[in-house]
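Student: Counted from 1, the sequence shown has number 45 at position 45 by the UniProt record's numbering; the numbering is strictly sequential.
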Amino acid sequence: MTADAGHEARYRAIAADLAAKIRSGHYAPGEALPPQRELSASYGVTLMTLRQALRELSDEKLIVQRPGKGTFVSPPHLAYQLDSLRSLVDDLRRQGHDVRTAVAGRAVRRAPAAVAAELRLRPGDSALRLERVREFSGRPAVHQVSWVRRPVADQIRDRDFTTVSLYATLADAGVTVARASEVVRPGLLDDAAAHHLQEPEGSPVLVSTRITYALDGTPVVSDHATILGSMMEIRTDRAATGLSLTWGATS
Numbered sequence: 001m002t003a004d005a006g007h008e009a010r011y012r013a014i015a016a017d018l019a020a021k022i023r024s025g026h027y028a029p030g031e032a033l034p035p036q037r038e039l040s041a042s043y044g045v046t047l048m049t050l051r052q053a054l055r056e057l058s059d060e061k062l063i064v065q066r067p068g069k070g071t072f073v074s075p076p077h078l079a080y081q082l083d084s085l086r087s088l089v090d091d092l093r094r095q096g097h098d099v100r101t102a103v104a105g106r107a108v109r110r111a112p113a114a115v116a117a118e119l120r121l122r123p124g125d126s127a128l129r130l131e132r133v134r135e136f137s138g139r140p141a142v143h144q145v146s147w148v149r150r151p152v153a154d155q156i157r158d159r160d161f162t163t164v165s166l167y168a169t170l171a172d173a174g175v176t177v178a179r180a181s182e183v184v185r186p187g188l189l190d191d192a193a194a195h196h197l198q199e200p201e202g203s204p205v206l207v208s209t210r211i212t213y214a215l216d217g218t219p220v221v222s223d224h225a226t227i228l229g230s231m232m233e234i235r236t237d238r239a240a241t242g243l244s245l246t247w248g249a250t251s
């Protein structure tokens, strides 16, 4: 066996051993692996060899390496269902996930031009801006900014959105949600969301833009959600008479 072949065999054996421990639950989802120097010593290899093994695990999506923080077992992916008209948190809780919500801000503000167009507001009109961070497996996964049309915004602005979903709050206020139009596209984490999600700017994300309509066709909520690509996958069931999906090129 050549030196290169022996080196490859060592790091692949380490990767296989760590992968087996992760899949068996020895290292739980979201748990930090031992420090790299400790792992390299326990396997009797150099840091370079260990890092090649970790690269293998990262390529298999079994671990996530966070600069300055360490190496962590990947959490189980959350499934973002496209075949339902429920809030994101309600969707995930129905799947058995423990999702926590932190309110990062709420205020009635002048709606930006793009939001005003989505909600069919007049230039200069205000709306409730609700900013939330969703945590899953003990770490931030989704940054969400919702703009709610007035006057319903004035009825709900003081609700405890850490425990109640926006859709449930709208129902309590007498607003019946009829449908929503949503676009999900790949993107890169911007500076503002990076701060809340504790990930480097430029990390891959999914960006969801959703407009929710009342029974009379009035748009009542404009949602913009930034979802860590390492934390969530999009999943749906298709049927001949069920969900209709439209595929389009990103612009």
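For glycine and all other residues, C-beta sits at the position ideal for the given N, C-alpha and C.
Tell me which same chain residues have a C-beta within less than 6 angstroms of the C-beta of ARG106, skipping the five on either side of it?
Tutor: Around ARG106: LEU130.
Student: Return the residue from the list VAL148, GLY202, ASP190, TYR11 that minimises the CA-CA distance to ALA173.
Tutor: VAL148
Student: My understanding is that ALA127 touches ALA111, with C-beta atoms under 8 angstroms, so please give their C-beta distance in whole angstroms.
Tutor: 5 angstroms
Student: Considering just the uninterrupted stretch of the alpha helix (DSSP H) at ALA53, what are its terminal residues?
Tutor: 47-59
Student: What does the alpha-carbon distance come out to for the pair PRO34 and ALA192?
Tutor: Whole-angstrom Cα-Cα distance: 31 angstroms.
Student: With 16 other CB atoms within 10 Å as the buried threshold, where does PRO200 fall?
Tutor: exposed
Student: In this structure, what does DSSP give as the bridge partners for LEU206?
Tutor: PRO186, ILE227
Student: Taking the beta carbon of GLN198 as the centre, do at least 16 other beta carbons fall within 10 Å, making it buried, or is it exposed?
Tutor: Counting Cβ neighbours within 10 Å, GLN198 comes out exposed, since fewer than 16 surround it.
Student: Which runs of the alpha helix (DSSP H), 4 residues or longer, sit entirely within the region 128-167?
Tutor: 152-156
Student: When you compare each of GLY25, ARG10, LYS61, THR162 to ALA53 by their alpha carbons, which one comes out closest?
Tutor: ARG10
Student: Touch check for the region 203-219 and the region 179-187: three-plus C-beta pairs under 8 angstroms?
Tutor: Output reads yes: the region 179-187 touches the region 203-219.
Student: For VAL115, which three-state DSSP category applies?
Tutor: helix
Student: Could you check if SER24 is buried or exposed, using at least 16 other CB atoms within 10 Å of its CB as the buried criterion?
Tutor: exposed
Student: Using a threshold of 8 angstroms, is the CB atom of LEU57 nearer than that to any non-hydrogen atom of the ligand ADP?
Tutor: What this structure holds is no ligand at all, so the ligand ADP is not there to describe.
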